[in-house]
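Input: a single structure, listed below in structure tokens.
Number of protein chains: 2
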Amino acid sequence: MSKHPKIAVFGGGSWATAIVKMLCENLDEVGWYLRSQSAIDYIKENEHNPNYLSSAEFDVNKLLLSSDINETVSYADILIFAIPSAFIKTELDLITVDFSSKIIFSAIKGIIPESGLIVGEHFNQKLNIPFSNIGVISGPCHAEEVAMERLSYLTISCRDLDKAELMSNYLSSHYIKTKTSDDIIGIEYAAMLKNIFAIAAGIAHGLGYGDNFQAVLMSNSIREMKRFIKKRHKMKRNINNSAYLGDLLVTGYSIFSRNRMFGNMIGKGYTVKSAMMEMSMVAEGYYASKSAYLLNEENPANTPIINAVYAILYQNKNPKKIFKKLTELVD
Amino acid sequence: MSKHPKIAVFGGGSWATAIVKMLCENLDEVGWYLRSQSAIDYIKENEHNPNYLSSAEFDVNKLLLSSDINETVSYADILIFAIPSAFIKTELDLITVDFSSKIIFSAIKGIIPESGLIVGEHFNQKLNIPFSNIGVISGPCHAEEVAMERLSYLTISCRDLDKAELMSNYLSSHYIKTKTSDDIIGIEYAAMLKNIFAIAAGIAHGLGYGDNFQAVLMSNSIREMKRFIKKRHKMKRNINNSAYLGDLLVTGYSIFSRNRMFGNMIGKGYTVKSAMMEMSMVAEGYYASKSAYLLNEENPANTPIINAVYAILYQNKNPKKIFKKLTELVD
């Protein structure tokens, strides 16, 4: 890798846009792959993303925009993927150039449905990237607040801490503070699980449970997260660090969270299908709850909240009854 | 103690009123001391508290109301105190009858300013009640949601777990679930510290920090709470249980919390005095931050958030500057 590695971001959503903005604070050139050529044309002309985070303005001279994923992969030494997990496989399949020696950072929350793997494991097992070249960028961080340059903290993880440090330096600025970690597996699972717990929080709200119960639910969620992650990848970690508990709270307590909103509709009586249609998008926690449920069957941790969400979303169980049972299982 | 001990609640505020309501679900007779005779007359006539939690209705035939604290102390075997910590000493000083053999439960959050002790310690050290006869009732629990009969969870702690169990049974109902604990010291400190962290959350909000920072602040708050309590009373406890983390979250994330509201005004530029006058009441976290700061000087834990709140409230330091420094100390 050269002294000044080239960096590119893959994705056109709000989180991808936020990461490009962070990088532009420190770099003179940032590669940016967006699937949509019309979005690229719009950015070039209007200096902001037409669809997401439109308040984030760019110096377009710094951007190497492309709708050809192979072009952007070839350009960069470090690839940051920020494409929703439900669509990442489709995009990766488009890559024909060899990228096995590149450094991969994932800013994706969730499990890749096709492989049932978290992103780091997918890159490692399916694409032969060594774990020393795989990193994760995680919050707690609403992209919208990055656009407003409100102080936010990121945790950058990689088993090779030098690479985590390198990425930290590229992302840090007057409104972004970073810390590093070597727990990429645990942090990825946390990012995925928090969306399930946010759905649970939404369902509870939709069913009429109040703030007292929400606090109990969140307190049980972090304990459940700890148990689940420990079963998957045992190592010393403080589950109350920002990348785990902070990330759970920013999602679980945000009325803007799509996962919480989705749960809220389910709690209010929408079917899964009608809630999805109404939102015209799919909440990531929907996929995550299935993946987590299935993963947990192998070597089960006690996961009453995940089980409840799974039963409601995938087994057509009555939310009111399932939550009534859940209230006996939390404390 | 008889097979059917008599129970009385001391206090006229919303939390006292909520506890009387819970007890009335299970008992035929509940003693209730309120300082104000006119409030008592009002309750007798209108079946609800005139000043607090007026939506909670009572079967007044069950209530043994009195504005004579000695009368109520003499009546009961189990005394539940739910008077704000800033005023409890004044009330206790009115008691002339011997109550050293009674069981005391504290539903008070905070430190008794005159002694600098948490309530359990005060009853033990100043009033010679053995710890086996001292218990604590804690949330996460907004009294308002009890009035609405929204599902809430309480933790009842006592070193004599039989007494914790006894009180649990008196408080449990279709909307109240309980668990027991023997960590009365840790739980009391948690209840006190959460108010300081809620003030910090309010200050951050008032200064314009967003949800991303709030999540980091709460994640750091629970770690700080763990460190602080461990220094005061080391024992095995899961700080993520509802009585600690849940209680922190229900206060820190509630826009209705007086402590958060107080902090918010400070963050927006009010002086401490003008914020207090504007609220026409004193937030408990105001006293707690001084007590916690002084306590921590003896055998210090790392407490950047408590120190920041103390500096702002008691040393007249600039909130913006102090929080700017604080952002470097949290992660």
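So the sequences go chain by chain: A and B. full-length UniProt numbering puts the first residue of the first sequence at 1, with every later residue one more than the last. full-length UniProt numbering puts the first residue of the second sequence at 1, with every later residue one more than the last. The beta carbon of each residue, even a glycine, is placed where N, CA and C say it ideally should be.
7 Å CB neighbourhood of residue i in its chain, flanking five on each side removed
i        : result
LYS226/A : ILE239
SER242/B : PRO140, TYR153, THR155
LEU161/A : THR180, ASP182
VAL330/A : VAL216, LEU217, ASN220, PRO304
LYS290/B : TYR310, TYR314
LEU94/B  : ILE69
LEU229/B : Position check: residue 229/B holds Ile in this sequence, whereas Leu was assumed. Cβ neighbours of ILE229/B beyond the five flanking positions: GLY186, TYR189, ALA190.
PRO50/B  : ALA39, TYR42
ASN302/A : ARG227
ASP247/B : SER138, GLY139, PRO140, ALA190, ALA191, LYS194
LEU92/A  : none
ILE83/A  : PHE10, GLY11, GLU91, ILE108
HIS233/A : ILE185, GLY186
ALA275/A : PHE262, MET265, ILE266
LYS320/B : LEU207
Sheet register partners of residue i (DSSP bridge)
i        : result
TRP32/B  : VAL9/B, LEU65/B
TYR153/A : LYS177/A
ILE229/A : ILE229/A pairs with nothing; no bridge assigned.
LEU166/B : Answer is none; LEU166/B lacks a bridge partner.
LEU171/B : Answer is none; LEU171/B lacks a bridge partner.
PHE99/A  : Looking at the DSSP assignment, PHE99/A forms no beta bridge with any residue, so it has no partner.
LEU295/B : Answer is none; LEU295/B lacks a bridge partner.
ILE118/A : ILE111/A
VAL136/B : SER106/B, SER157/B
ILE78/A  : ILE7/A, ILE103/A
Nonlocal neighbours in the same chain, by C-beta distance under 8 Å from residue i, ignoring five residues either side
i             : result
ALA311/B      : LYS317, ILE322
ALA86/A       : GLY110, PRO113, VAL282, GLU284, TYR287
residue 334/A : Outside the modelled stretch of chain A, which goes from 1 to 331, sits residue 334/A, for which no answer is possible.
HIS205/A      : GLN214, ARG260, GLY263, ASN264, GLY267
MET279/A      : ARG258, MET261, PHE262, MET265
LYS177/A      : LEU151, SER152, TYR153, LEU154
VAL97/B       : ASN70, VAL73, SER74
GLU328/B      : none
MET148/B      : SER55
ILE222/B      : ILE239, ASN240, TYR244, LEU245, LEU248
6 Å Cβ shell around residue i - same chain, five flanking residues per side excluded
i        : result
ARG260/A : ALA198, ALA201, GLY202
PHE58/A  : GLU47
CYS158/A : GLY135, ALA164
ASN128/A : SER100
LYS44/B  : VAL60
TYR52/A  : GLY13, SER14, THR17
TYR33/A  : PHE10, SER66, ILE69, THR72
THR251/B : LYS194, ALA198, SER257
GLU224/A : THR303, ILE305
Anticipated Cβ contact below 8 Å, residue i with residue j, distance rounded
i             : j        : result
GLY267/A      : LEU207/A : 4 Å
SER67/B       : ARG35/B  : 6 Å
SER151/B      : TYR253/A : Residue identity differs from the one stated: residue 151/B is Leu in this sequence, not Ser. In fact, because the Cβ distance is near 18 Å, the residues do not count as touching under 8 Å.
ILE88/A       : ALA8/A   : At roughly 15 Å, the Cβ-Cβ gap does not stay under 8 Å, so ILE88/A and ALA8/A are not in contact.
PRO130/B      : ILE78/B  : That pair is no contact at about 15 Å.
LYS231/B      : ASN133/B : At roughly 26 Å, the Cβ-Cβ gap does not stay under 8 Å, so LYS231/B and ASN133/B are not in contact.
residue 343/A : LYS3/A   : Outside the displayed span of chain A (1 to 331) sits residue 343/A, for which this structure offers no information.
ASN212/A      : HIS142/B : 6 Å
ALA308/B      : LEU326/B : 5 Å
Short CB-CB distance (under 8 Å) between residue i and chain E
i       : result
GLY13/A : The question asks about chain E, but that chain is absent: this structure's protein chains are A and B.
Would you be able to state if there are at least three C-beta pairs under 8 Å between the region 4-18 of chain B and the region 190-207 of chain B?
-> no
May I ask you to list, following chain order, the residues of the region 209-225 of chain A that have a beta carbon less than 7 Å from some beta carbon of chain B?
-> TYR209, GLY210, ASP211, ASN212, PHE213, ALA215, VAL216, MET218, SER219, ILE222, ARG223
Any 3 or more C-beta pairs closer than 8 Å across the region 105-121 of chain A and the region 165-185 of chain A | They touch, by the three-pair rule.
Residues within the region 128-150 of chain B neighbouring chain A, beta-carbon criterion of under 9 Å = GLY139, PRO140, CYS141, HIS142, GLU144, GLU145, VAL146, MET148, ARG150
Using a Cβ-Cβ cut-off of less than 7 Å, give me the residues of the region 248-262 of chain B that come near chain A, in sequence order.
-> LEU249, VAL250, TYR253, SER254
Interfacial residues, the region 170-204 of chain A to chain B, with Cβ spacing under 8 Å | LYS177, LYS179
Below 8 Å between beta carbons is the criterion; list the residues of the region 27-56 of chain B that meet it against any residue of chain A, in chain order.
-> none
According to a CB-to-CB cut-off of less than 9 Å, which residues of the region 230-242 of chain B neighbour chain A?
-> ASN238, ILE239, ASN240, ASN241, SER242
Are the region 20-38 of chain B and the region 169-180 of chain B in contact at 8 Å, needing three or more beta carbon pairs?
-> yes
Between the region 150-162 of chain A and chain B, which residues of the former have CB atoms less than 8 Å from a CB of the latter, in chain order?
-> Taking 8 Å as the Cβ-Cβ cut-off against chain B, the residues of the region 150-162 of chain A that qualify are ARG150, LEU151, SER152, TYR153.
At a Cβ cut of 7 Å, what residues of the region 316-330 of chain B count as close to chain A, listed as they run along the chain?
-> THR327
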